[in-house]
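So the structure is just underneath, and the comments pick up after that.
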Amino acid sequence: MDVTEGIQSQDAEAEGTPDVAARLSDIPPERLVEEVISRWDELVRVEEDLALSRQRVRALEMELGDQGGDGSLRGRVAELEEALRVADARIAQMEGLLENERRRRGDLEEDVGQGRVEELQEENVRLLRSEEEQVMLILDMEAQLDRLVSQLEEG
Numbered sequence: 000m001d002v003t004e005g006i007q008s009q010d011a012e013a014e015g016t017p018d019v020a021a022r023l024s025d026i027p028p029e030r031l032v033e034e035v036i037s038r039w040d041e042l043v044r045v046e047e048d049l050a051l052s053r054q055r056v057r058a059l060e061m062e063l064g065d066q067g068g069d070g071s072l073r074g075r076v077a078e079l080e081e082a083l084r085v086a087d088a089r090i091a092q093m094e095g096l097l098e099n100e101r102r103r104r105g106d107l108e109e110d111v112g113q114g115r116v117e118e119l120q121e122e123n124v125r126l127l128r129s130e131e132e133q134v135m136l137i138l139d140m141e142a143q144l145d146r147l148v149s150q151l152e153e154g
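According to numbering that gives the first Met the number 0, the residues represented by the sequence shown are 0 to 154, in order.
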């Protein structure tokens with residue numbers, strides 16, 4: 000029976016059997032000595048680990064203190080928050096400028112586009128007049144050709 004089993008059985012038996020000394024008297028003394036030495040060595044190792052951990056914590060605290068500690072960290076956070084606020088304001092300003100430029104270009108394209116539409120409409124009117132004149136000229140020439148052909152056939 001190892002110590003863990005003993006502890007578990009102690010918990011279970013603590014309610015039923017108040018005499019721990021009687022239970023321990025049943026375990027051979029050599030086995031009890033081995034268990035005590037084993038637990039003692041384990042306790043020494045745990046205490047050494049604890050001491051090393053405490054030293055590391057102190058070293059880290061000192062290193063953090065050398066870097067300025069909480070005060071400079073808070074100051075740095077405040078600086079970064081201010082820089083972020085300024086950057087956000089600049090972004091909003093740039094977005095406004097971008098929107099204004101988009102509107103200006105849209106208006107300009109609209110104006111240029113409107114001018115081009117008017118120009119094309121005038122060109123269309125001119126071409127329609129020219130087509131009408133050419134159709135009239137062709138009809139006139141066909142009429143003259145018909146007269147010439149009829150004169151040639153008669154004569």
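Think of the CB as a built atom: it goes at the ideal place given N, C-alpha and C, for glycine as much as any other residue.
Q: Have a look at Gln143 and Arg125 and give me their C-alpha separation to the nearest angstrom.
A: Cα to Cα, Gln143 sits roughly 27 Å from Arg125.
Q) Are Leu31 and Leu42 touching if we call contact CB-CB under 8 Å? A) Going by beta carbons, Leu31 and Leu42 fall outside the 8 Å limit.
Q | As assigned by DSSP and simplified to three states, the class of Gly105 | A | In the three-state scheme derived from DSSP, where H, G and I count as helix and E and B as strand, Gly105 is classed as helix.
Q: In angstroms with no decimal places, state the Cα-to-Cα distance between Val56 and Arg38.
A: Spanning the two alpha carbons is a distance of roughly 27 Å.
Q) Which value, in whole angstroms, describes the spacing of the CA atoms of Leu151 and Glu141? A) Those two C-alpha atoms are separated by around 15 Å.
Q.
Just verifying my parser: in three-state terms, what is the DSSP assignment at Gly154?
A. Three-state result, Gly154: coil.
Q) How big is the Cα-Cα spacing for Gly105 and Ala86? A) Ala86 has its alpha-carbon roughly 28 Å from the corresponding atom of Gly105.
Q: Measure the C-alpha to C-alpha separation of Arg101 and Glu117 and round it to an integer number of angstroms.
A: Straight through space, the alpha carbons of Glu117 and Arg101 are spaced by roughly 24 Å.
Q: Express the C-alpha separation of Glu34 and Arg44 in angstroms, rounding to a whole number.
A: Going from the Cα of Arg44 to the Cα of Glu34 covers about 15 Å.
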